[in-house]
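Q: Heads up: take any position in the sequence shown, counting from 1, add 7, and you land on my numbering.
The beta carbon of each residue, even a glycine, is placed where N, CA and C say it ideally should be.
Predicted, not measured: the structure shown is a model, and the values here were computed from it.
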Amino acid sequence: DGFSVLDVIKASEEVVGESIKYKMSARRDGDPAVLVADSSKAITNLGWLAGYQDPSCIIKSAWDWHKRFEDLKL
Numbered sequence: 008d009g010f011s012v013l014d015v016i017k018a019s020e021e022v023v024g025e026s027i028k029y030k031m032s033a034r035r036d037g038d039p040a041v042l043v044a045d046s047s048k049a050i051t052n053l054g055w056l057a058g059y060q061d062p063s064c065i066i067k068s069a070w071d072w073h074k075r076f077e078d079l080k081l
């Protein structure tokens, strides 16, 4: 399983409460038809497990982190 770019855009819109402009276009030469990351080696070798499974939760966590540091003007 995985998330499409459109899935990520829609989840991002939900988190930030704004629409995001995007343009649908054909796949470029050389782009894979499907590309999904596999975390099995991290799980096996490091004992790592993803903290979030839902794209909205992942984006919300990153967005909240970004807003905290943006407020500090680092």
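Between which two residues does the alpha helix (DSSP H) holding Leu79 run?
A: In the sequence shown, residue 79 corresponds to position 72, counting from 1. Unbroken alpha helix (DSSP H) run through Leu79: 62-79.
Q: Count the other CB atoms, across all protein chains shown, that sit within 10 Å of the CB of Ile66; report buried if there are 16 or more and exposed otherwise.
A: Here residue 66 refers to the residue found at position 59 when the sequence shown is read from its first residue. Counting Cβ neighbours within 10 Å, Ile66 comes out buried, since at least 16 surround it.
Q: How is Ser47 classed by DSSP in three states: helix, strand or coil?
A: Within the sequence shown, residue 47 is the residue found at index 40, counting from 1. It is helical.
Q: Residues in its own chain within less than 8 Å of Ala44 by CB, not counting five upstream and five downstream?
A: As a working note, residue 44 is residue 37 in the sequence shown. Cβ within range, chain order: Gly9.
Q: CA-CA distance, Ile27 and Trp70?
A: Counting from 1 along the sequence shown, the entry for residue 27 is found at position 20. Counting from 1 along the sequence shown, the entry for residue 70 is found at position 63. C-alpha separation (whole angstroms): 15 Å.
Q: Determine the closest residue to Val15 out of Lys74, Asp78, Trp72, Cys64, with distance taken between C-alpha atoms.
A: On the sequence shown, position 8 is the one that residue 15 refers to. Of the listed residues, the one whose Cα sits closest to Val15 is Cys64.
Q: Could you tell me the boundaries of the alpha helix (DSSP H) in which Ala18 lies?
A: Translated into positions along the sequence shown, residue 18 becomes position 11. 12-23 is the span of the alpha helix (DSSP H), which, as asked, contains Ala18.
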